[in-house]
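Protein chains in written order, with the working numbering: chain R, 1 to 552; chain D, 553 to 663.
Glycine included, each C-beta is placed from N, C-alpha and C at the ideal position.
Read the structure below first, then the notes.
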């Protein structure tokens with residue numbers, strides 16, 4: 001694995017475009033800027049074509065026979081199937097409004113990371129092969145031949161896009177550039193050009209119910225380990241249930257909340273909340289993943305992985321599903337699930353058993369976000385909270401791309417944070433809410449061999465964070481996505497190590513007043529809390545397991 | 553994908569040197585990987601490696617660092633059940649480096 005250049009080096013970004021025309025500039029595969037290829041056994045498991053050993057660094061990518069025809073047929077089929085795709089291929093006027101909105105462009109200076117040009121990589125083939133002007137005027141009409149070089153270029157740049165959709169916010173035509181990347185990746189899958197970090201989680205999820213490949217006994221034991229930790233911090237023994245038929249609610253969250261740092265602190269918060277409310281809720285060791293790496297693969301794969309959550313809800317006979325702090329799960333639920341199937345009639349419109357609130361907007365999905373659920377509890381005065389226990393933290397909030405731009409989810413997490421923490425500060429307004437900057441490693445790019453691009457792509461987010469850290473001494477960035485929790489942890493260690501990453505329900509867990517609890521001398525990370533919060537300096541450090549654990 | 557050769561046997565590893573077939577693991581393989589990682593194996597190292605292998609045998613997944621720290625603390629006492637001690641043994645990170653030497657697969661997903 002390539003060593004990542006130092007921050008001072010990465011900051012020297014050259015925005016001068018190459019002298020040659022873009023079609024003449026071949027892609028380069030410098031270590032740190034591409035992800036390892038899908039392993040053949042994983043492709044076989046998922047039934048994907050052209051399983052073989054190869055590497056993007058090789059000259060010969062082992063293209064399958066007749067690959068050109070496969071790609072062109074793939075485009076033809078998708079133009080017919082997805083009107084959005086057809087429209088997005090036709091309507092761009094290259095105004096350039098998106099050009100400087102992409103975190104990968106801002107962090108790399110590579111013009112092919114301008115969303116307009118990234119789309120042009122595919123559009124040029126569309127023009128040449130599927131439009132009359134392109135067929136006649138070829139390059140003069142912006143068309144070009146489909147060659148192996150083009151495929152390599154697609155691989156490079158469709159895997160240097162996190163489908164975050166920040167560019168789309170600024171497009172006067174509303175072109176969803178993420179969908180262009182999604183089409184690009186789908187086409188690449190047809191000929192077996194894909195990355196292992198996306199496919200192995202998808203295969204794990206298909207086979208074992210979650211991305212990490214946590215088997216049922218490991219899932220249960222991991223949560224029981226957290227039960228011990230909660231008892232140590234609070235004196236309360238929570239009692240989660242697993243695969244319990246007849247429960248009212250099924251809770252589904254990313255498997256990283258079960259098995260990765262710092263997401264497990266968020267899991268502790270969920271479990272404390274459920275126990276405190278005596279909520280009739282169960283975990284499933286089968287539907288043990290909220291995330292859906294199918295979204296980063298193809299519509300077909302996405303559909304397969306989404307459906308299992310509802311199959312399990314039906315099997316257990318629950319009324320509705322409560323979803324955890326996950327990012328892209330919510331994009332699938334809100335924007336794609338309705339195109340896959342007719343929804344689950346066996347479930348009911350979610351109603352909070354504590355407040356009686358009926359979540360009418362979720363009548364199709366039968367699923368609400370834990371932050372909606374908790375915000376409703378707070379609004380109805382159902383929780384006793386002591387925000388002072390979060391006083392060592394000076395908190396900012398990172399809007400995760402998918403809940404933010406995919407479902408307009410801005411207020412609920414903020415409302416919760418402001419009720420559980422006394423010190424909350426926003427990053428600059430063009431870097432939050434619908435204009436939020438990506439963590440730099442979403443859509444399955446959160447792998448170590450891609451670290452240089454991750455640090456480049458996360459640079460805008462880190463810069464905004466650095467601004468509030470300097471201005472308001474922010475030392476914790478809360479977020480509601482498991483990929484964020486893992487990738488931002490690496491990002492802040494690189495760019496701004498004085499800041500830690502946490503979850504909203506971790507803060508809820510810290511503040512929650514539970515009946516019968518002890519004096520709560522530590523937070524959920526085991527870090528000691530100041531006895532007199534107002535007189536102690538911020539940023540409690542130490543906490544053996546928490547402070548140094550930079551690994552999963 | 554590249555191979556490493558240990559005791560005359562070719563062993564398949566991934567791009568980052570993790571062995572691909574967990575049954576290929578032997579103490580000699582571990583020593584070979586440790587050498588490449590510039591880790592000199594002592595009894596203390598083997599203790600952790602053995603713990604990881606036992607954990608993997610039971611759970612089929614590499615433990616996250618917190619579980620590792622806690623379980624080692626329980627089994628071997630608090631002076632070993634802390635991240636500082638584990639980092640002193642495996643400077644590139646107890647989870648990743650120790651798992652690599654122990655022949656476990658890398659975890660994937662939102663991690």
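Supposed contact pair residue j and residue i - C-beta distance, whole angstroms, cut 8 Å
i: residue 393 of chain R; j: residue 421 of chain R; result: 6 Å
i: residue 444 of chain R; j: residue 283 of chain R; result: In fact, because the Cβ distance is near 24 Å, the residues do not count as touching under 8 Å.
i: residue 74 of chain R; j: residue 190 of chain R; result: 5 Å
i: residue 181 of chain R; j: residue 158 of chain R; result: 5 Å
i: residue 323 of chain R; j: residue 356 of chain R; result: Residue 323 of chain R to residue 356 of chain R, Cβ: 20 Å. No contact.
i: residue 316 of chain R; j: residue 512 of chain R; result: In fact, because the Cβ distance is near 27 Å, the residues do not count as touching under 8 Å.
i: residue 428 of chain R; j: residue 480 of chain R; result: Going by Cβ atoms, the distance from residue 428 of chain R to residue 480 of chain R rounds to 20 Å, so no, they are not a contact pair.
Rounded C-alpha distance that separates residue i from residue j
i: residue 206 of chain R; j: residue 306 of chain R; result: 10 Å
i: residue 345 of chain R; j: residue 329 of chain R; result: 20 Å
i: residue 15 of chain R; j: residue 43 of chain R; result: 38 Å
i: residue 618 of chain R; j: residue 368 of chain R; result: Nothing about residue 618 of chain R can be read from this structure; chain R reaches only from 1 to 552.
i: residue 549 of chain R; j: residue 617 of chain D; result: With a pLDDT of only 38 at residue 549 of chain R, under the threshold of 50, the placement of this residue in the model should not be trusted; the figure read from the coordinates follows. Each residue's alpha carbon lies about 7 Å from the other.
i: residue 441 of chain R; j: residue 432 of chain R; result: 17 Å
i: residue 136 of chain R; j: residue 416 of chain R; result: 59 Å
i: residue 502 of chain R; j: residue 577 of chain D; result: 37 Å
i: residue 217 of chain R; j: residue 612 of chain D; result: 10 Å
i: residue 517 of chain R; j: residue 235 of chain R; result: 5 Å
i: residue 615 of chain D; j: residue 2 of chain R; result: 25 Å
i: residue 20 of chain R; j: residue 405 of chain R; result: 36 Å
i: residue 5 of chain R; j: residue 499 of chain R; result: 21 Å
i: residue 167 of chain R; j: residue 98 of chain R; result: 5 Å
i: residue 55 of chain R; j: residue 34 of chain R; result: 10 Å
i: residue 606 of chain D; j: residue 565 of chain D; result: 21 Å
i: residue 327 of chain R; j: residue 560 of chain D; result: 48 Å
i: residue 279 of chain R; j: residue 644 of chain D; result: 42 Å
i: residue 174 of chain R; j: residue 352 of chain R; result: 36 Å
i: residue 630 of chain D; j: residue 256 of chain R; result: 26 Å
i: residue 601 of chain D; j: residue 574 of chain D; result: 14 Å
i: residue 361 of chain R; j: residue 332 of chain R; result: 16 Å
Opening and closing residue of the beta strand (DSSP E) in which residue i lies
i: residue 368 of chain R; result: 367 to 369
i: residue 476 of chain R; result: 476 to 479
i: residue 282 of chain R; result: 281 to 283
i: residue 395 of chain R; result: 395 to 398
i: residue 251 of chain R; result: 249 to 252
i: residue 321 of chain R; result: 320 to 323
Range of the contiguous alpha helix (DSSP H) that encloses residue i
i: residue 561 of chain D; result: No alpha helix (DSSP H) contains residue 561 of chain D, which is instead part of the beta strand (DSSP E) from 561 to 564.
i: residue 184 of chain R; result: 177 to 190
i: residue 44 of chain R; result: 40 to 46
i: residue 500 of chain R; result: Where residue 500 of chain R is concerned, there is no enclosing alpha helix (DSSP H), although the beta strand (DSSP E) it sits in stretches over 500 to 503.
i: residue 340 of chain R; result: 337 to 340
i: residue 245 of chain R; result: Segment: none, residue 245 of chain R is in no alpha helix (DSSP H) and carries neither H nor E.
i: residue 314 of chain R; result: 299 to 316
i: residue 460 of chain R; result: 459 to 472
Nonlocal neighbours in the same chain, by C-beta distance under 6 Å from residue i, ignoring five residues either side
i: residue 544 of chain R; result: Confidence is the limiting factor: at residue 544 of chain R the pLDDT is only 41, short of 50, which leaves the residue's position unreliable, though a coordinate-based value still follows. Within the same chain, residue 544 of chain R has no close Cβ partners at all.
i: residue 509 of chain R; result: 268, 269, 272, 524
i: residue 536 of chain R; result: Because the pLDDT of residue 536 of chain R is 45, which lies under 50, any placement of that residue in the model is unreliable, and the question is left without a value.
i: residue 312 of chain R; result: 284, 286, 287
i: residue 39 of chain R; result: 196
i: residue 134 of chain R; result: 127, 128, 141, 143
i: residue 359 of chain R; result: 350, 368
Three-state secondary structure assigned by DSSP to residue i
i: residue 348 of chain R; result: coil
i: residue 635 of chain D; result: helix
i: residue 32 of chain R; result: coil
i: residue 558 of chain D; result: strand
i: residue 540 of chain R; result: Legend: pLDDT at residue 540 of chain R = 45, less than 50; position of this residue unreliable, value from coordinates given subsequently. Correct three-state label for residue 540 of chain R: coil.
i: residue 201 of chain R; result: helix
i: residue 522 of chain R; result: strand
i: residue 530 of chain R; result: coil
i: residue 613 of chain D; result: coil
i: residue 553 of chain R; result: Any answer about residue 553 of chain R is impossible in this case: the structure gives chain R only from 1 up to 552.
i: residue 651 of chain D; result: helix
i: residue 69 of chain R; result: helix
i: residue 512 of chain R; result: strand
Proximal residues to residue i (C-beta, below 8 Å), its chain only, five neighbours per side dropped
i: residue 260 of chain R; result: 212, 482, 485, 486, 552
i: residue 78 of chain R; result: 85, 183, 186, 187
i: residue 274 of chain R; result: 238, 240, 251, 281
Cβ neighbours of residue i in the same chain (closer than 7 Å, five flanking residues each side left out)
i: residue 562 of chain D; result: 555
i: residue 304 of chain R; result: 206, 294
i: residue 434 of chain R; result: 169, 404, 405
i: residue 539 of chain R; result: Its pLDDT being 49, under 50, residue 539 of chain R is placed unreliably in this model, and the value from its coordinates should be taken loosely. Excluding positions up to five away in sequence, the list reads 392, 475.
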